[in-house]
Amino acid sequence: MDDITQRDIEQRQIGDAWRRIESWLSVHAPGTLDRLIDGASESQLSSFGGSIGVRIPVGLKELWRQRAGSGPDLMIPFMPGPCLLMSLDVAQRVYQRKMAAQTRRGSAAERVSDGHEPVTIWRAAWIPFGANDVDALSGLLLDAETGKIWEWDETPTRTLRYDSLTEYVEEMADVLEVPSLAVGDRPGLMDGQLWWGEPENPSERAQWEPFTG
Numbered sequence: 222m223d224d225i226t227q228r229d230i231e232q233r234q235i236g237d238a239w240r241r242i243e244s245w246l247s248v249h250a251p252g253t254l255d256r257l258i259d260g261a262s263e264s265q266l267s268s269f270g271g272s273i274g275v276r277i278p279v280g281l282k283e284l285w286r287q288r289a290g291s292g293p294d295l296m297i298p299f300m301p302g303p304c305l306l307m308s309l310d311v312a313q314r315v316y317q318r319k320m321a322a323q324t325r326r327g328s329a330a331e332r333v334s335d336g337h338e339p340v341t342i343w344r345a346a347w348i349p350f351g352a353n354d355v356d357a358l359s360g361l362l363l364d365a366e367t368g369k370i371w372e373w374d375e376t377p378t379r380t381l382r383y384d385s386l387t388e389y390v391e392e393m394a395d396v397l398e399v400p401s402l403a404v405g406d407r408p409g410l411m412d413g414q415l416w417w418g419e420p421e422n423p424s425e426r427a428q429w430e431p432f433t434g
């Protein structure tokens with residue numbers, strides 16, 4: 222299978238999975254659907270890629286074509302992570318902030334205090350797309366070179382979460398349609414919105430109801 226065919230398949234799979242997600246939202250969590258930003262245009266995607274100097278993977282482009290992030294009044298993490306879908310503006314700010322932090326280190330990696338193990342703060346190929354909260358101090362990134370999804374925060378520590386964006390979006394759609402497939406955090410509902418994972422705040426947790434189908 223050539224690269225063009227593979228990219229076409231990835232684009233179609235992510236688009237199909239996201240439409241399944243929106244179909245579910247329209248029935249069970251219209252409050253979330255109403256707070257999503259309309260899909261990004263080709264010029265917006267091109268501008269974003271140019272601003273960070275990285276070629277945006279086909280799958281991530283397709284995701285942002287479907288929805289260009291969470292609106293400013295959507296503060297509930299509705300995607301696995303749990304996280305919010307970053308807007309292009311937020312993703313650009315986070316990327317530039319993390320790359321600036323990397324630059325301040327003086328190199329692509331620095332040595333920790335024992336002088337042996339290098340620590341990478343951020344790489345050019347890492348594109349943030351999911352934020353754990355509205356401050357976007359942690360979340361999910363897509364490695365544009367490997368296609369893998371990692372969890373990141375304000376430390377140099379990262380955790381591999383998914384092998385691909387396709388896996389991530391399709392798993393979200395599958396779990397919404399068949400909640401028993403959930404491993405770890407479960408989707409739930411509160412005030413007409415999707416909340417992925419049980420809230421930590423006791424008062425919010427009291428209002429949250431796991432979705433069982």
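Counting in the working numbering, the sequence shown runs from 222 upward without gaps.
In this text, a Cβ means the ideal position worked out from N, Cα and C, and glycines have one as well.
It should be emphasised that the depicted structure is a prediction, and the values quoted were computed from it without experimental measurement.
Item, Value
"Going by the CB atoms, is the gap between residue 261 and residue 238 shorter than 8 Å?", "no"
"Round the Cβ separation of residue 303 and residue 417 to the nearest angstrom and send it over; I've been treating them as touching at under 8 Å.", "4 Å"
"Identify the residues that DSSP records as bridge partners of residue 296: which are they?", "BP columns for residue 296 are empty, so no partner."
"For the beta strand (DSSP E) containing residue 381, list its first residue and its last residue.", "379-383"
"Give the DSSP bridge partners of residue 286, in chain order.", "Beta-bridge pairing links residue 286 to no other residue."
"Give the DSSP-derived three-state secondary structure of residue 355 in the structure shown.", "coil"
"Is the beta carbon of residue 413 sitting closer than 8 Å to the one on residue 250?", "yes"
"Compute the Euclidean distance between the alpha carbons of residue 399 and residue 234, then round it to the nearest angstrom.", "18 Å"
"Unbroken beta strand (DSSP E) runs of length 3 or more, entirely within the region 371-421: which are they?", "379-383, 408-411, 414-417"
"Reducing DSSP to helix, strand and coil, say where residue 243 ends up.", "helix"
"How is the alpha helix (DSSP H) around residue 310 delimited, first residue to last?", "309-325"
"In angstroms with no decimal places, state the Cα-to-Cα distance between residue 324 and residue 273.", "14 Å"
"Tell me, which residues are paired with residue 279 by DSSP?", "DSSP, once it has assigned bridges, lists no residue as partnering residue 279."
"Kindly indicate which residue of 267, 268, 378 has the alpha-carbon position closest to the one of residue 342.", "378"
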